[in-house]
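Trainee:
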Ligand code: ZN
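Numbering (this note's numbering), first residue to last: 12 to 179.
1. To which residues of the same chain is residue 34 closer than 6 angstroms at the C-beta, ignoring the five residues directly before and after it?
2. What do you get for residue 155, buried or exposed, if any count of 16 or more other CB atoms within 10 angstroms of its CB means buried?
3. Kindly confirm or deny that the stretch 138-154 and the stretch 82-94 touch, where touching means at least three C-beta pairs closer than 8 angstroms.
4. Quickly, what does DSSP pair residue 54 with across the bridge? List them, please.
5. Are residue 46 and residue 84 closer than 9 angstroms when you measure CB to CB?
6. Closer than 8 angstroms: is that where the CB of residue 63 sits relative to any heavy atom of the ligand ZN?
7. Can you give the beta carbon distance from residue 108 to residue 42, rounded, assuming they're within the 8 angstroms contact cut?
8. So the alpha helix (DSSP H) residue 117 belongs to, where does it begin and stop?
9. Can you name, in chain order, every residue of its own chain whose Cβ lies under 6 angstroms from the Cβ of residue 66, other than the five neighbours on each side?
10. Do residue 161 and residue 97 have their C-beta atoms within less than 9 angstroms of each other?
11. Of the residues 60, 40, 63 and 74, which one's Cα is nearest the Cα of residue 166?
12. Are residue 54 and residue 169 touching if we call contact CB-CB under 9 angstroms?
13. How long is the line joining the alpha carbons of residue 146 and residue 50, rounded to whole angstroms?
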């Protein structure tokens, strides 16, 4: 499988579990839900200066605060872009409570490796390997911090950064 990976992204994720590399590379090269979202309720710009990752997340809430639609644009390392792709695929159509639960479960997964099967993380589990690399945790969490901010304000625009003191 290593021979399939011949560009610079290999060094970024080379130490992650090899089993998961293919899924991460696939999502980073062909991101799902990538593009503009007309009629978005909230737009959040997420910045990870430590790595140079940027995510522009757009969320459209339904009448009950659930995520009717979610899309992103941006650029950065394979981990950040794959994480955004996997996240948007997972969160579309979810209720607010489900999103909040998933956010906590994903944070646990990438910081402690705790895998809470009851939360149905599914494909998101491919990010588990980043827990060994604190800088990569920021990359993986960037889109999740953006969605957390979107839930917090429900409308308008905002900016979040991994370098803010309150940033976990
Ligand atoms: Zn990154």
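Every residue, glycine too, gets a C-beta built ideally from N, C-alpha and C.
Mentor: To lay it out plainly:
1. Closer than 6 angstroms at Cβ, skipping near neighbours: 137.
2. Taking every protein chain shown into account, the CB of residue 155 has 16 or more other CB atoms within 10 angstroms, so this residue is buried.
3. At 8 angstroms Cβ cutoff, the stretches touch.
4. Answer is 69 and 168, bridged to residue 54.
5. Yes.
6. Yes; taking the cut-off as 8 angstroms, the Cβ of residue 63 has a heavy atom of the ligand ZN nearer than that.
7. In this structure residue 108 does not touch residue 42 by the C-beta definition: roughly 26 angstroms separates them, more than the 8 angstroms allowed.
8. Per DSSP, residue 117 belongs to the alpha helix (DSSP H) from 107-123.
9. Setting aside the 5 residues that flank it on each side, residue 66 is surrounded in the same chain by 57, 83, 85, 95, 153, 154 and 157, each with a C-beta closer than 6 angstroms to its C-beta; the list follows chain order.
10. Contact: no.
11. Closest option to residue 166, Cα to Cα, is 74.
12. It is a contact, given that the beta carbons lie within the stated cut-off.
13. Rounded to the nearest angstrom, the two C-alpha atoms are 34 angstroms apart.
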